[in-house]
Amino acid sequence: MAFTTMIVCAASSLLMILALFPAKTTARWCFQCNSMYDPGCENIAPNDTSSEYYKQCKDDDQSLKTRNGREFFCRKIIQTIYDREGLKRVVRKCGFVPHKLPCYTYDSEGHDDIVCQCFSDSCNSAPRLASPLIAWQFGSAAVIALMSLFR
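Read in order, the letters of the sequence shown are residues -27 to -1, 1 to 124 in mature numbering (1 follows the signal peptide of the UniProt record, and there is no 0).
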């Protein structure tokens, strides 16, 4: 019985690791839009890969000069523009110079930005309910539950 429990735990752990760390792909697909010009940009449903804003990240003149082989990732910026009565603007785009924090704030004259970056396809849509920490907690609970079944 102990051997069966060990196999179930190992298999569950492997599946959890594979789910949380997707395979590296050669191309990154992100939502790319600006709510100033694109009315649907503000409210994109999670994983809506049929959206007109879901596009493959591609080099432009700037990234060709400075990317130096770094992988693309997705970015979402929420701007609050104070001289326009607190207008909120959403910008979704590709990035290639990551910040050390997954989300950070940037204060500039006239507006504040909340910038978040993520590293999987379509991850810069609307906020998700599950985070990696929650996934680990549910995964751990599942392993414990499976272990108790095989006692």
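Glycine included, C-beta positions come from ideal geometry on N, C-alpha and C.
Residue i versus residue j: straight-line alpha-carbon distance, rounded
i           : j          : result
residue 52  : residue 80 : 10 Å
residue 85  : residue 97 : 19 Å
residue -3  : residue 58 : Because the pLDDT at residue -3 is just 43, under 50, the model does not fix this residue reliably, and the point stays unresolved.
residue 77  : residue 94 : 21 Å
residue 9   : residue 23 : 21 Å
residue 20  : residue 55 : 31 Å
residue 99  : residue 48 : 12 Å
residue 41  : residue 28 : 21 Å
residue -1  : residue 11 : 24 Å
residue 7   : residue 90 : 16 Å
residue 43  : residue 83 : 32 Å
residue 37  : residue 70 : 13 Å
residue 60  : residue 2  : 28 Å
residue 110 : residue 75 : Low per-residue confidence applies at residue 110: pLDDT is 46, beneath 50, and the placement is therefore not dependable enough to give any value.
residue 72  : residue 88 : 10 Å
residue 65  : residue 39 : 20 Å
Cβ pair residue i, residue j closer than 7 Å
i          : j          : result
residue 92 : residue 46 : yes
residue 63 : residue 14 : yes
Burial state of residue i (16 or more Cβ within 10 Å)
i          : result
residue 34 : exposed
residue 17 : buried
residue 68 : buried
Residues bridged to residue i [DSSP beta-bridge criterion]
i          : result
residue 39 : For residue 39, which the question treats as bridged, DSSP gives no partner whatsoever.
residue 80 : 85
residue 66 : 48
residue 6  : 65
residue 54 : 60 and 84
residue 91 : 47
residue 31 : DSSP lists no partner for residue 31.
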